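S.K.: Mind having a look at this structure? Questions to follow.
Number of protein chains: 2
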Amino acid sequence: MISFEDFILEDDSPIYMQIIRYVKRGIVSGAIQSGEEMISRRALSVLLGVNPNTIQKAYHLLEEEGIIRSRSGAKSCVEVDEAKKEEIRHSLLQLDTLSWLRAMKQMGVEREEALKLAEEMWQEA
Amino acid sequence: MISFEDFILEDDSPIYMQIIRYVKRGIVSGAIQSGEEMISRRALSVLLGVNPNTIQKAYHLLEEEGIIRSRSGAKSCVEVDEAKKEEIRHSLLQLDTLSWLRAMKQMGVEREEALKLAEEMWQEA
DNA sequence: TTAACTGTATTATATAACTAATACACTTTT
DNA sequence: AAAAGTGTATTAGTTATATAATACAGTTAA
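Note that the protein sequences, when read in sequence, are chains A and B.
Going by our numbering, the first sequence opens with residue 521, and the numbers climb by one from there.
Going by our numbering, the second sequence opens with residue 521, and the numbers climb by one from there.
Okay, here's the thing in structure tokens:
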């Protein structure tokens, strides 16, 4: 079951967005596999100290995106085929990297300097 | 005068935050220098198609952070010494890079793969 | 000096994000 | 079968974000 063990709340974006991001990244890494059960909405709300409705919003959106499947009464399950996984992987890698590169460019950081900085900070991240 | 020429609205974070980020990054790159006049709140609101109060919120926070100075009736001015500039540069580089590296790690991307991806995408960013 | 522009402040409204409390029907477990 | 857990829904309230319409006093420029 997906336990959200290493999930940490940040405060830059809405909580339900952070939950969606966490699940998507887990799917990309392989830590979350198709067929796995999600932790229940109530349990996750207690675990994160967040309102159940906020979790419901995240799960509902995940279902609308075709990433999880829910049937009333039972736990929700992750359900993604290889094509979906590759689609998620591609879009996340692209968007995250682009926004970092644009930040560096806007700050006038040279390519080599940016790469060197990333290389040096890798282990502490 | 700081004209916000290349400023583009994205929709992931609040507009007033994006404005603050834009000014800070400009200071780091040197595109925005201490002593320069800011575009007026009203003019910027027209330029971005955004409510004047939203601009006022951004400018007010920039003043609270000790980045601009305002006197009633005259245009606001950027006012940052070298120490402040270095502080901004350090925190922005650190935070932006850390969040990208964490994203890569959460997706199970190896260090070499991440660096290679960034290198390849540099020009299109 | 006047007119235009500027920063600042106020009041009102709308939507999004989050919390709170509760209810109902379905599934799983005991 | 009964209890516990589950997805789903509803209603209400708070805070943050953004818009809208004014107003006033200080500064700048004609």
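Cβ atoms here follow ideal geometry from the backbone N, Cα and C, with glycine treated the same way.
If you're wondering where the values come from, they're calculated on a predicted model, not measured in any experiment.
Please tell me whether D674(B) has its Cβ less than 8 Å away from any Cβ of chain A.
M.R.: In the structure as shown, chain B begins at 521 and stops at 645. Residue 674(B) is therefore absent and cannot be evaluated.
S.K.: Can you check whether the C-beta of M641(B) is within less than 8 Å of a C-beta belonging to chain A?
M.R.: Your numbering for residue 641(B) matches position 121 in the second sequence. At least one chain A Cβ lies under 8 Å of M641(B).
S.K.: Between L612(A), A634(A), G593(A), which lies nearest to K544(A) when the distance is taken from Cα to Cα?
M.R.: The residue you call residue 544(A) lines up with position 24 of the first sequence. Among L612(A), A634(A), G593(A), the Cα nearest to that of K544(A) belongs to L612(A).
S.K.: What is the residue span of the alpha helix (DSSP H) that S549(B) lies within?
M.R.: Sequence index remark: in the second sequence, residue 549(B) carries index 29 (1-based). Element bounds for S549(B): 535 to 549.
S.K.: Run through the region 596 to 641 of chain A for me and flag every whole beta strand (DSSP E) of 3 or more residues, listed as ranges in chain order.
M.R.: Those beta strand (DSSP E) runs which fall completely within the region 596 to 641 of chain A and span 3+ residues do not exist here.
S.K.: If contact is defined by three or more beta carbon pairs under 8 Å, each pair taking one atom from either stretch, is the region 591 to 603 of chain A in contact with the region 630 to 639 of chain A?
M.R.: Contact fails: fewer than three Cβ-Cβ distances are below 8 Å.
S.K.: Which chain A residues are close to S549(B), counting only those with a beta carbon under 7 Å from its beta carbon?
M.R.: By 1-based counting over the second sequence, the position of residue 549(B) is 29. The contacting residues are Q626, M627, G628.
S.K.: Please identify, using Cβ separations under 8 Å, the residues of the region 579 to 608 of chain A that lie next to chain B, in order along the chain.
M.R.: So nothing in the stretch comes that close.
S.K.: From I540(A) to I539(B), what distance separates their C-alpha atoms?
M.R.: Along the first sequence, read from residue 1 onward, the residue named residue 540(A) stands at position 20. Along the second sequence, read from residue 1 onward, the residue named residue 539(B) stands at position 19. Distance between the alpha carbons of I540(A) and I539(B) is about 26 Å.
S.K.: In chain A, which residues lie with their C-beta within 8 Å of the C-beta of L635(B)?
M.R.: Locating residue 635(B) in the second sequence gives position 115, counting from the first residue. Residues of chain A passing the Cβ test: L635, A638, E639.
S.K.: Assess contact between the region 548 to 555 of chain A and the region 566 to 584 of chain A, defined as three or more Cβ pairs (one per stretch) separated by less than 8 Å. Is contact present?
M.R.: Verdict: no, contact absent.
S.K.: Out of G628(B), E633(B), S619(B), point me to the one whose CA is closest to E644(A)'s CA.
M.R.: As a first step, residue 644(A) is located in the first sequence; it is residue number 124 there, counting from the start. Among G628(B), E633(B), S619(B), the Cα nearest to that of E644(A) belongs to S619(B).
S.K.: Could you give the distance in angstroms between the alpha-carbon of K577(A) and the alpha-carbon of A603(B)?
M.R.: Within the first sequence, residue 577(A) is the residue found at index 57, counting from 1. Within the second sequence, residue 603(B) is the residue found at index 83, counting from 1. Approximately 44 Å between the Cα atoms of the pair.
S.K.: I need the DSSP call for R591(A), collapsed to helix, strand or coil.
M.R.: Start at 1 with the first residue of the first sequence, and residue 591(A) comes out as number 71. In the structure shown, R591(A) sits in coil (DSSP, three-state: anything other than H, G, I, E or B).
S.K.: Any residues in the region 551 to 568 of chain A with a beta carbon nearer than 7 Å to a beta carbon of chain B? Which ones, in chain order?
M.R.: From the region 551 to 568 of chain A, no residue has a Cβ closer than 7 Å to chain B.
S.K.: So, with DSSP's three-state summary, where would you put E644(B)?
M.R.: Along the second sequence, read from residue 1 onward, the residue named residue 644(B) stands at position 124. If DSSP states are grouped into helix, strand and coil, E644(B) belongs with coil.
S.K.: Spell out the partners DSSP gives E557(A) in its beta bridges.
M.R.: If you number the first sequence from 1, residue 557(A) lands on position 37. E557(A) pairs with C597(A).
S.K.: Does T617(B) come within less than 8 Å of chain A when only Cβ atoms are used?
M.R.: Along the second sequence, read from residue 1 onward, the residue named residue 617(B) stands at position 97. Yes, T617(B) counts as interfacial toward chain A.
S.K.: Report all residues from its chain with a CB closer than 6 Å to the CB of F527(B); omit the five preceding and five following residues, and keep chain order.
M.R.: Within the second sequence, numbered from 1, the residue matching residue 527(B) stands at position 7. Hits under 6 Å: Y542.
S.K.: Mapping DSSP to helix, strand and coil, what is I575(B)?
M.R.: Numbered from 1 along the second sequence, position 55 holds the residue referred to as residue 575(B). Three-state DSSP puts I575(B) in a helix.
S.K.: Take R609(A) as the anchor and find which of V598(B), E599(B), L615(B), G628(B) has the nearest alpha-carbon.
M.R.: By one-based count along the first sequence, residue 609(A) stands at place 89. The shortest Cα separation from R609(A) among V598(B), E599(B), L615(B), G628(B) belongs to G628(B).
S.K.: Given this structure, state the Cα-to-Cα distance separating V600(B) from L564(B), to the nearest angstrom.
M.R.: The count along the second sequence starts at 1 and reaches residue 600(B) at position 80. The count along the second sequence starts at 1 and reaches residue 564(B) at position 44. Near 21 Å, if we compare the C-alpha coordinates of L564(B) and V600(B).
S.K.: Hey, out of L621(B), H580(B), V598(B), A623(B), whose CA is closest to M521(B)'s CA?
M.R.: In the second sequence, residue 521(B) corresponds to position 1, counting from 1. Answer by Cα proximity: V598(B).
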